[in-house]
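J.:
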Amino acid sequence: MSEHIVSIRIYFVIFLALILGTALTVVAGLQDFPGPLNVIIALTIACIKATLVVLYFMHLRYSNRLTWVILIAALFWLAILFALTFSDYWTRHWLTA
Amino acid sequence: MAESIAAEHEVHHPALQHHFENMEQQREASTLGMWVFLVTEIMFFGGMFFSYTLYRWLYPEAFASASNHLSLPLGAINTGVLIFSSFTMALAVYSAQTGKQRAQVICLTLTLLLGLTFLGIKAAEYKEKYDTNLIPGHLIPSRPFNPDAVHLLPGARKENVEIFFWIYFAMTGMHAVHMIIGVGVLSVILFFATRGRYGPEYHNPVEISGLYWHFVDIIWIFLFPLLYLLGRHLMGHGG
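Below, the structure is given as structure tokens:
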């Protein structure tokens, strides 16, 4: 598997998308959306930006499968960290209530 | 022995280490190794992102109130600076891959300068927190944290605002430490780049330093909205 060279044009488009995403985050952050919509919008934009960086700037899209496995495993373990620790805090007061 | 190694060096690239079959295998191994390191970093920052989530969940109004004391313009500019530096870093890798020696040195220098710009702006923000007594606890003995300096939104309690600043300084501080390490790494890479060490055949060090740089950028992509933007929309609610 030989090395894939990403073109300057793609790098530039990704760069513009990231700047646009930042501007969008700021604009959305100043609006008062109902309920938890503000944080959902902010995190969605952040996740899209992070995905663009990982896929193109970090070349994951053109990397071998093993690299994908390593990244997905890390995100899986991160989900465990959040889910199990939060299940503790979430349910703590149930006994005293 | 010495003669045979010298003879071998004539038939393969001098940067090829002898436990690898060829340059391609060496490049893939170093890239994979960097990814393994970076996912341990995900877990490292993950713990801090968790504590952020927990305390924001416990004290949402206090978090929003405290967050409004961060400078949105400086945070947004710094996000732009870091994204631009990621772009120039990607171009530095591209220049190495395509053998554009001059462009490679220029891009690495730009990346380095943008990284330093980020750290300078960050330092100005920290200075502002020092001036307004918002550095948590007694980290600055002569200027202990002053919760009265925080403008409280409705529902926020004064005793809960300090935890936001602990988390803010822990996360942005750890991020800044990573930036400083990145600046150090890039300085070394730039030094070797000026001596023409990296080209189409061999550029693993540029590539994996780039991976590290982009990773630090990603952490900031999450820190910016989470720390700077969580309470802005509530500012019109009075209090």
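So the sequence lines, in the order shown, correspond to chains A and B.
Quick note on our numbering: the first sequence kicks off at 238 and runs consecutively.
Quick note on our numbering: the second sequence kicks off at 90 and runs consecutively.
Glycine included, every Cβ here is placed at the ideal spot set by N, Cα and C.
Is it right to say K216/B is buried, meaning 16 or more other beta carbons lie within 10 angstroms of its own, or is it exposed?
T.: On the second sequence, residue 216/B is found 127 positions in, with the first residue counted as 1. The residue in question, K216/B, is exposed, as its Cβ has fewer than 16 Cβ neighbours within 10 Å.
J.: Any beta carbon from chain A within less than 9 Å of G328/B's own beta carbon?
T.: For this step, residue 328/B is matched to residue 239 along the second sequence. The predicted model places G328/B with a pLDDT of 41, which falls under 50 and marks its position as unreliable; any figure quoted below should be read in that light. Not one chain A Cβ lies under 9 Å of G328/B.
J.: For A311/A versus I131/B, is the C-beta spacing smaller than 9 Å?
T.: Locating residue 311/A in the first sequence gives position 74, where the first residue counts as 1. Locating residue 131/B in the second sequence gives position 42, where the first residue counts as 1. Yes; because the gap between Cβ atoms is below 9 Å, this pair is in contact.
J.: Would you call the CB atoms of I269/B and F134/B closer than 9 Å?
T.: Looking up residue 269/B in the second sequence gives position 180. Looking up residue 134/B in the second sequence gives position 45. No, the pair does not count as a contact, with Cβ atoms beyond the cut-off.
J.: Identify every run of the beta strand (DSSP E) within the stretch 126-212 of chain B, keeping only runs that are complete inside it and at least 3 residues long; order them along the chain.
T.: Listed in chain order, nothing qualifies, since the stretch 126-212 of chain B has no complete beta strand (DSSP E) run of 3 or more residues.
J.: Check whether chain B comes within 9 Å of L315/A, counting only Cβ atoms and requiring the distance to be less than that.
T.: For the purposes of this step, residue 315/A is taken as residue 78 along the first sequence, with counting starting at 1. Closer than 9 Å to some Cβ of chain B, the Cβ of L315/A qualifies, so yes.
J.: Given W255/B, which residues of its chain have a CB within under 8 Å of its CB, disregarding the five upstream and five downstream residues?
T.: As a first step, residue 255/B must be located in the second sequence, where it is residue number 166. These residues qualify, in order along the chain: P225 and G226.
J.: Alpha helix (DSSP H) containing R246/A: first to last residue?
T.: Numbered from 1 along the first sequence, position 9 holds the residue referred to as residue 246/A. Residues I245 to L267.
J.: If you run the structure through DSSP and keep just helix, strand and coil, what is P103/B?
T.: Along the second sequence, one-based indexing puts residue 103/B at 14. It is coil, neither helix nor strand.
J.: By a C-beta neighbour count over all protein chains shown, 10 Å radius and 16 as the cutoff for buried, is Q186/B buried or exposed?
T.: Within the second sequence, the letter at position 97 stands for residue 186/B. Flag for Q186/B reads buried.
J.: Give me the subset of the stretch 240-261 of chain A whose CB atoms are less than 9 Å from a CB atom of chain B, sorted by chain position.
T.: For the stretch 240-261 of chain A, which is checked against every Cβ of chain B, the residues closer than 9 Å are E240, I242, V243, S244, I245, Y248, F249, I251, F252, L255, I256, G258, T259 and A260.
J.: Does the beta carbon of G135/B sit closer than 9 Å to a beta carbon anywhere in chain A?
T.: In the second sequence, the residue the question calls residue 135/B occupies position 46. Yes, G135/B counts as interfacial toward chain A.
J.: Among the residues of its own chain, which have a CB less than 8 Å from the CB of G327/B, if the five just before and after it don't count?
T.: Taking the second sequence and counting its residues from 1, one reaches residue 327/B at position 238. Bear in mind that a pLDDT of 49 at G327/B, under 50, signals an unreliable position, so the number given afterwards is only what the model happens to contain. P243, listed in sequence order.
J.: Secondary structure at H290/B, three-state DSSP: helix, strand or coil?
T.: Here residue 290/B refers to the residue found at position 201 of the second sequence. Note that residue 290/B is Glu in the sequence shown, not His. In the structure shown, E290/B sits in coil (DSSP, three-state: anything other than H, G, I, E or B).
J.: Going by other Cβ atoms of all chains shown within 10 Å of its Cβ, with 16 needed for buried, is F281/B buried or exposed?
T.: Numbered from 1 along the second sequence, position 192 holds the residue referred to as residue 281/B. When all chains shown are included, F281/B counts as exposed.
J.: Would K286/A be called buried (16 or more neighbouring beta carbons within 10 Å of its own) or exposed?
T.: Numbered from 1 along the first sequence, position 49 holds the residue referred to as residue 286/A. The residue in question, K286/A, is buried, as its Cβ has 16 or more Cβ neighbours within 10 Å.
J.: With 16 other CB atoms within 10 Å as the buried threshold, where does I268/A fall?
T.: Taking the first residue of the first sequence as 1, we reach residue 268/A at position 31. For the sequence presented, residue 268/A should be read as Gln rather than Ile. Counting Cβ neighbours within 10 Å, Q268/A comes out exposed, since fewer than 16 surround it.
J.: Mapping the DSSP letters down to three states, classify P225/B as helix, strand or coil.
T.: Residue mapping note: residue 225/B aligns to position 136 of the second sequence, counting from 1. Looking at P225/B - three-state DSSP - the assignment turns out to be coil, as it is neither helix nor strand.
J.: Between the stretch 256-263 of chain B and the stretch 233-248 of chain B, do at least 3 Cβ pairs fall closer than 8 Å?
T.: With the cut-off at 8 Å, the stretch 256-263 of chain B and the stretch 233-248 of chain B do not touch.
J.: Counting pairs of Cβ atoms below 8 Å between the stretch 281-301 of chain A and the stretch 294-314 of chain B, do you hit three or more?
T.: A contact exists between the stretch 281-301 of chain A and the stretch 294-314 of chain B.
J.: Is it true that the stretch 202-211 of chain B meets the stretch 149-167 of chain B, where meeting means three or more beta-carbon pairs spaced less than 8 Å apart?
T.: The stretch 202-211 of chain B, when compared against the stretch 149-167 of chain B, does touch it at the 8 Å Cβ threshold.
J.: So, is the C-beta of L33/B closer than 9 Å to a C-beta in chain A?
T.: Since the first and last residues shown for chain B are 90 and 328, residue 33/B lies out of range.
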